[in-house]
Amino acid sequence: MISSAVLTKILQQLGQEGGEVEVLKGATSSLVFRVGEGILRVHTNQDWLHEEPDFVLHEVFALQAAGDLAPDVLDYQTDVRDEVPPWLYMTRSPGEIRLDQVDEQYVERLAQMLAAIHALPVPESRYVYQPYATERHVPTWTQHPERWRQLLAVEPDESQTIRFIHRDFHPVNVLYEMNGTCHTIDWINACVGPIEVDLAHCRLNLALLESIEMADHFLKSYLKQTKRSYDHAWDIRAVFDFGPETIDVYPGWKAYGRQNLSQDNVRERLEKFVLKVYENNESGY
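The numbering used here puts the sequence shown at residues 21 to 305.
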C-alpha cells in the first residue's frame with residue numbers, strides 16, 4: 021500500500037484533492053484506484069520496478085498503440101519523486117468484470133475482442149515478446165510426472181503472425197457493458213509478438229477458471245473469425261510461464277466472486293489441460 025500522504029500528493033498533482041477515491045479490487049502488480057472519472061495506477065512493487073524501471077512508459081506506449089480499444093492517457097509520472105512512486109492516470113472504461121457466467125457466448129465475445137486487438141497496426145516498439153519462464157521443471161505435485169517430462173522440450177514452431185499483443189488477455193481484464201460491448205483493460209504488458217501468446221494465455225486462464233471445454237470453444241471461435249491456425253505447443257509454453265510448481269487460485273477470480281476454487285482445483289484442471297495437450301501431441305486437436 022501507499023500512505024495517505026503519498027496518495028494526497030498524487031491527487032494534488034491531478035487536481036483531484038478532495039474528490040472521490042475508490043480502491044479497485046483484483047489488481048496484483050500495482051495499486052489501482054478510481055479517482056474522479058479516471059483510473060489511477062500506482063507502481064509500488066519494487067521488484068517489478070527494478071526489473072522494468074520504465075513500467076509507466078511501457079503502459080503509455082501500449083495505451084497509445086491500442087487506440088480506441090484502450091483507455092486514453094491523461095497524465096503520468098515515470099519515476100520516484102518526493103517519495104511518490106511512478107503512476108499513470110487514464111480514462112475509465114465503462115462496464116464490469118463478469119465471472120458469474122463463463123459460457124459459450126461469453127468466450128465468443130472474448131475471442132471477438134482479441135481478434136480486434138490483433139487487427140491493430142503493428143507499432144514500432146522496443147517492447148518485444150519474451151517468454152517468462154527460462155527453465156522448465158516437472159511440478160512435484162503431479163500424478164503424471166512422465167507425461168509432463170515428455171513435454172519439457174516441446175516448443176512451438178516459429179509464429180507466422182507477429183502483431184501487437186496484449187500479453188495478459190483473460191476474463192479479469194475485460195469489462196462488459198449491459199449491451200454486450202466489451203472493453204479490454206490492464207495493457208501494461210502489451211508488446212509486439214506472436215498472436216499465439218495471447219491465445220494460449222487466455223485459454224489456460226479459461227481452463228483453470230472454468231473448463232477445458234470453454235478454453236477450446238474460445239480458440240475455435242477466434243480461429244473461425246480470423247481464418248488462422250494454431251499450434252498447441254503454445255499451450256505448453258503458457259503452462260510453464262504460469263509457474264506450475266506454485267500455481268494457485270488467481271486473486272482476481274476470488275475478488276470477483278469465484279469463491280469455489282482452491283489450489284487443489286487449479287492443480288487438477290492444469291493437469292487435465294496438460295494431459296490433453298500430451299494426448300493430442302501426435303494427432304492434433
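Just so it is clear, CB atoms sit at the ideal spot from N, CA and C, and this is done for glycine as well.
Model, not experiment: these values are computed from the prediction.
* To do: Mark residue 242 as exposed unless 16 or more other C-beta atoms lie within 10 angstroms of its C-beta, in which case mark it buried.
  => Translated into positions along the sequence shown, residue 242 becomes position 222. Classification of residue 242: buried, given that the 10 Å Cβ count is 16 or more.
* **Residue range of the unbroken beta strand (DSSP E) whose run includes residue 42** => Position 22 of the sequence shown, counted from the start, is the residue given in the question as residue 42. Run containing residue 42: 41-43, per the beta strand (DSSP E) assignment.
* Just the C-alpha distance for residue 47 and residue 271, rounded to the nearest angstrom, thanks. => Residue mapping note: residue 47 aligns to position 27 of the sequence shown, counting from 1. Residue mapping note: residue 271 aligns to position 251 of the sequence shown, counting from 1. Near 8 Å, if we compare the C-alpha coordinates of residue 271 and residue 47.
* To do: Measure from the alpha carbon of residue 235 to the alpha carbon of each residue in 94, 122, 81, then state which is nearest.
  => Residue mapping note: residue 235 aligns to position 215 of the sequence shown, counting from 1. Comparing Cα-Cα distances from residue 235 to each of 94, 122, 81, the minimum goes to 122.
* Just reading off the alpha helix (DSSP H) that residue 272 is part of, what are its end residues? -> For the purposes of this step, residue 272 is identified with residue 252 of the sequence shown, where counting begins at 1. Element bounds for residue 272: 271-275.
* Does the Cβ-Cβ distance between residue 106 and residue 260 come in under 9 Å? -> As a first step, residue 106 is located in the sequence shown; it is residue number 86 there, counting from the start. As a first step, residue 260 is located in the sequence shown; it is residue number 240 there, counting from the start. Their beta carbons are not under 9 Å apart, which means residue 106 does not touch residue 260 by this criterion.
* Buried/exposed call for residue 66, threshold 16 Cβ in 10 Å -> Here residue 66 refers to the residue found at position 46 when the sequence shown is read from its first residue. Flag for residue 66 reads exposed.
* Cut-off 6 Å between Cβ atoms - residues of its own chain near residue 176, not counting five sequence neighbours on either side -> Position 156 of the sequence shown, counting from 1, holds the residue named residue 176. Here the set comprises 251, 253, 254.
* Local Cβ density within 10 Å of residue 206, reported as buried at 16 or more and exposed below that -> Translated into the one-based positions of the sequence shown, residue 206 becomes position 186. Buried, because 16 or more other Cβ atoms sit within 10 Å of the Cβ of residue 206.
* **Other residues of its chain near residue 96: CB distance less than 7 Å, five sequence neighbours each side excluded** => Working through the sequence shown from its first residue, we reach residue 96 at position 76. Result list for residue 96: 76, 80, 107, 108, 109, in chain order.
* **C-alpha gap between residue 30 and residue 78, whole angstroms** => As a first step, residue 30 is located in the sequence shown; it is residue number 10 there, counting from the start. As a first step, residue 78 is located in the sequence shown; it is residue number 58 there, counting from the start. For residue 30 and residue 78, the gap between their C-alpha atoms comes out near 20 Å.
* Going by alpha carbons, who is nearest to residue 293 out of 226, 136, 191? -> Within the sequence shown, residue 293 is the residue found at index 273, counting from 1. Out of 226, 136, 191, 226 has the C-alpha closest to the C-alpha of residue 293.
* Identify, in the order they occur along the chain, each residue of the same chain with its Cβ nearer than 7 Å to the Cβ of residue 133, setting aside the five sequence neighbours on each side. => As a first step, residue 133 is located in the sequence shown; it is residue number 113 there, counting from the start. 194, 202, 204.
* Residues bridged to residue 213 by DSSP? -> In the sequence shown, the residue the question calls residue 213 occupies position 193. Residue 213 is bridged to 183.
* Asked: Under the rule that 16 or more other beta-carbon atoms within 10 Å means buried, what is residue 50, buried or exposed?
  -> For the purposes of this step, residue 50 is identified with residue 30 of the sequence shown, where counting begins at 1. Under this definition residue 50 is a buried residue.
* Taking just the CA atoms, how far does residue 197 sit from residue 115? -> Translated into the one-based positions of the sequence shown, residue 115 becomes position 95. Translated into the one-based positions of the sequence shown, residue 197 becomes position 177. Approximately 4 Å, taken between the alpha carbons.
* Short check: CB of residue 34 to CB of residue 62, under 9 Å? -> Translated into positions along the sequence shown, residue 34 becomes position 14. Translated into positions along the sequence shown, residue 62 becomes position 42. No, the pair does not count as a contact, with Cβ atoms beyond the cut-off.
* Do residue 291 and residue 163 have their C-beta atoms within less than 9 Å of each other? -> Indexing the sequence shown from 1 puts residue 291 at position 271. Indexing the sequence shown from 1 puts residue 163 at position 143. For residue 291 and residue 163, yes; Cβs fall inside 9 Å.
* Go ahead and pull the three-state DSSP assignment for residue 283. => Counting from 1 along the sequence shown, the entry for residue 283 is found at position 263. Three-state result, residue 283: helix.
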